[in-house]
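First comes the structure, then the notes that go with it.
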Amino acid sequence: MLDQTLRQQMKALLEQQAYTTRELAGQMGITERQVEDHLSHLAKTLAHDDRRRLCLIPPSCMHCGFVFRQRKKLTRPSRCPHCRSERIIPPRYVIQVP
35 MLDQTLRQQM KALLEQQAYT TRELAGQMGI TERQVEDHLS HLAKTLAHDD RRRLCLIPPS
95 CMHCGFVFRQ RKKLTRPSRC PHCRSERIIP PRYVIQVP
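Under the numbering used here, the final residue of the sequence shown carries the number 132; numbering is consecutive throughout.
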């Protein structure tokens, strides 16, 4: 995997299983912000691929269970809109083959 670009490495990891941005950052040795930037570009690239797509497992509140289903941003929300709790389970990303 050393001869691949960061996005190619990320794509290979996401084809195997779901990851959070923190897990991807740890695996790849980059910051979470860089992972978010690469994920947004990867989502655009995969939008043109009929065989694969980037799927988001939405974040949810640990306190009240609210699920952020309509969220379009790839970043983790800061707090729950219902109970205002900051204990949020981060989103997970995976590349699925239909």
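Glycine included, every Cβ here is placed at the ideal spot set by N, Cα and C.
Indicate whether residue i and residue j have their beta-carbon atoms separated by less than 9 Å.
i	j	result
residue 53	residue 126	yes
residue 124	residue 93	yes
residue 74	residue 95	no
residue 101	residue 49	no
residue 40	residue 82	no
residue 55	residue 66	yes
Give me the DSSP bridge partner(s) of residue i.
i	result
residue 126	91
residue 101	94
Hey, how far is the Cα of residue i from the Cα of residue j?
i	j	result
residue 43	residue 97	34 Å
residue 61	residue 128	15 Å
residue 70	residue 110	10 Å
residue 37	residue 112	36 Å
residue 63	residue 90	22 Å
residue 59	residue 85	26 Å
residue 9	residue 104	Residue 9 is absent from the model: the chain starts at 35 and stops at 132.
residue 57	residue 108	15 Å
residue 45	residue 51	10 Å
On a Cα-Cα basis, can you pick out the residue from the options that is closest to residue i?
i	options	result
residue 106	77, 85, 129 and 40	77
residue 47	65, 81 and 88	88
residue 117	68, 99, 104 and 57	99
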